[in-house]
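Protein chains: 2
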Amino acid sequence: MTQQETSQFRRICEQAGLAVTHQRQVIYEVLAATDGHPSPEEVYARVRRRIPAISLATVYKNIHLFIESGIFDQVSMHHGSMRVETNRAPHYHLVCTGCKSILDMEGGLPGLKEIEERLPRGFRVERLAVDVVGVCEGCQKQVVVQ
Amino acid sequence: MTQQETSQFRRICEQAGLAVTHQRQVIYEVLAATDGHPSPEEVYARVRRRIPAISLATVYKNIHLFIESGIFDQVSMHHGSMRVETNRAPHYHLVCTGCKSILDMEGGLPGLKEIEERLPRGFRVERLAVDVVGVCEGCQKQVVVQ
DNA sequence: TGACATACGATAATCATTATCGTAGGCTTG
DNA sequence: CAAGCCTACGATAATGATTATCGTATGTCA
Numbered sequence: 006m007t008q009q010e011t012s013q014f015r016r017i018c019e020q021a022g023l024a025v026t027h028q029r030q031v032i033y034e035v036l037a038a039t040d041g042h043p044s045p046e047e048v049y050a051r052v053r054r055r056i057p058a059i060s061l062a063t064v065y066k067n068i069h070l071f072i073e074s075g076i077f078d079q080v081s082m083h084h085g086s087m088r089v090e091t092n093r094a095p096h097y098h099l100v101c102t103g104c105k106s107i108l109d110m111e112g113g114l115p116g117l118k119e120i121e122e123r124l125p126r127g128f129r130v131e132r133l134a135v136d137v138v139g140v141c142e143g144c145q146k147q148v149v150v151q
Numbered sequence: 006m007t008q009q010e011t012s013q014f015r016r017i018c019e020q021a022g023l024a025v026t027h028q029r030q031v032i033y034e035v036l037a038a039t040d041g042h043p044s045p046e047e048v049y050a051r052v053r054r055r056i057p058a059i060s061l062a063t064v065y066k067n068i069h070l071f072i073e074s075g076i077f078d079q080v081s082m083h084h085g086s087m088r089v090e091t092n093r094a095p096h097y098h099l100v101c102t103g104c105k106s107i108l109d110m111e112g113g114l115p116g117l118k119e120i121e122e123r124l125p126r127g128f129r130v131e132r133l134a135v136d137v138v139g140v141c142e143g144c145q146k147q148v149v150v151q
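So the sequence lines, in the order shown, correspond to chains A and B. Residue 6 is where the first sequence starts when you use my numbering, and the numbers rise one by one after that. Residue 6 is where the second sequence starts when you use my numbering, and the numbers rise one by one after that.
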């Protein structure tokens, strides 16, 4: 965590109206440094390496604050627990119903314009979540084996 | 439930390898007759009007069997509990983060062709889930009031 | 520095969902 | 159509994820 990063984090907190705390900063840094779509438990595990005494509740509370402030997003789940979207670039997801993996596909989606043109009056779009749901190559083989 | 519907249900069960039971049929009929995206609790409430002694666990088990068999889908949640997709037509969702409502928008999904061209080798697509996440007109007003 | 607001940690509580298990009912075969 | 097997049912305990509570500690601002 360079001084640059710290001052950037201070700016983020100021905009969101959040106090700057050590725990909050480490949670932020862990999220920003994590590829993929970590669950709160995974975030907790990583943060504990730097703050062993941190509480799981603190991790949950801060993840929610970040999501409410739009600093991170939430991945829509086709399974179990919540996941944090740490990828800020436009992309969509390949979701495997077998192994529950979520793979990012970079780049915009075709056909977005048409969708946006047809929105009902007054609906304010925050983001677009597109998931291609199916079965990955590995899981297709496993089903045959079973 | 006409005789036609019953024989249709028998066919569905046969294809899925499921026994034909009264409870299962009522759960199926309730799902097929429900607009929107009912939660298991909502399904339970409706089914109980016809089978007061049914167990919530039975409702959950059958919903899962239907989803596994592809008879119904699961809505990806941007909040709370699971929901069943009872709309068999291609459509996408408007999800309000305020009131948690899910509105169906018929037709006009992004071009599957372009997406499929970019898929990794071996991924078998089952369905496409497109959710436009935002705030509906009503909830935007309420926020101002608060 | 002092006062107040917010955050933290520990843990209890809640909520949705799943597992267990004994009984009942559907389904196939003789 | 009876016997036996397999699946399903109902009741309820257990689980797992998330949230609420509350007393203490820390950040913020005058």
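All C-beta atoms in this analysis are idealised placements derived from N, C-alpha and C, irrespective of residue type, glycine included.
When the cut-off is 8 Å and only beta carbons count, does residue i lie next to chain A?
| i | result |
| --- | --- |
| Phe71(B) | no |
| Thr102(B) | yes |
| Arg1(B) | Since the first and last residues shown for chain B are 6 and 151, residue 1(B) lies out of range. |
| Gln151(B) | A caution first: Gln151(B) carries a pLDDT of 36, below 50, which makes its placement in the model too unreliable to give a value. |
| Gly127(B) | yes |
Report the neighbours of residue i on chain B: residues whose CB is nearer than 7 Å to its CB, in chain order.
| i | result |
| --- | --- |
| Gly41(A) | Those do not exist, as Gly41(A) stays about 16 Å from chain B at its closest Cβ, beyond 7 Å. |
Would you check if the distance between the CB atom of residue i and the CB atom of residue j is smaller than 8 Å?
| i | j | result |
| --- | --- | --- |
| Gly112(B) | Arg129(A) | no |
| Pro43(A) | Arg88(A) | yes |
| Val52(A) | Val64(A) | yes |
| Leu61(B) | Tyr49(B) | yes |
| Met110(A) | Leu99(A) | yes |
| Leu133(B) | Val25(A) | no |
| Ile56(A) | Gln28(A) | yes |
| Cys104(B) | Gly143(B) | yes |
Using a Cβ-Cβ distance cut-off of 8 Å, determine whether residue i contacts chain B.
| i | result |
| --- | --- |
| Leu133(A) | yes |
| Gln8(A) | no |
| Gly75(A) | no |
| Cys141(A) | yes |
| Ile17(A) | no |
| Ile68(A) | no |
| Val130(A) | yes |
| Leu23(A) | no |
Do you know whose CA, among the options, lies nearest residue i's CA?
| i | options | result |
| --- | --- | --- |
| Glu90(B) | Gly22(B), Leu23(B), Glu122(B) and Ala38(B) | Ala38(B) |
| Ile76(A) | Tyr97(A), Gln8(A) and Gln13(A) | Gln13(A) |
| Thr7(A) | Val31(A), Lys146(A) and Ala94(A) | Val31(A) |
| Lys146(A) | Gly127(B), Gln20(B) and Glu19(B) | Gly127(B) |
| Ala10(B) | Glu121(B), Tyr97(B), Ile107(B) and Glu34(B) | Checking the displayed sequence, the identity of residue 10(B) turns out to be Glu instead of Ala. Among Glu121(B), Tyr97(B), Ile107(B) and Glu34(B), the Cα nearest to that of Glu10(B) belongs to Glu34(B). |
Residue i: beta carbon under 7 Å from a heavy atom of the ligand COA?
| i | result |
| --- | --- |
| Pro57(A) | With respect to the ligand COA, the structure shown offers nothing to examine, as it has no ligands at all. |
For residue i, go through chain A and note every residue whose CB falls closer than 7 Å to its CB, in chain order.
| i | result |
| --- | --- |
| Arg123(B) | Met110 |
Going along chain A in order, which residues have a C-beta closer than 9 Å to the C-beta of residue i?
| i | result |
| --- | --- |
| Gln3(B) | Coverage of chain B is limited to positions 6 through 151, which leaves residue 3(B) absent and any answer about it impossible. |
Inside the stretch 67-133 of chain B only - alpha helix (DSSP H) runs reaching at least 4 residues: 117-122
Minimum length 4: unbroken alpha helix (DSSP H) runs contained in the stretch 7-56 of chain A: 8-21, 27-38 and 45-55
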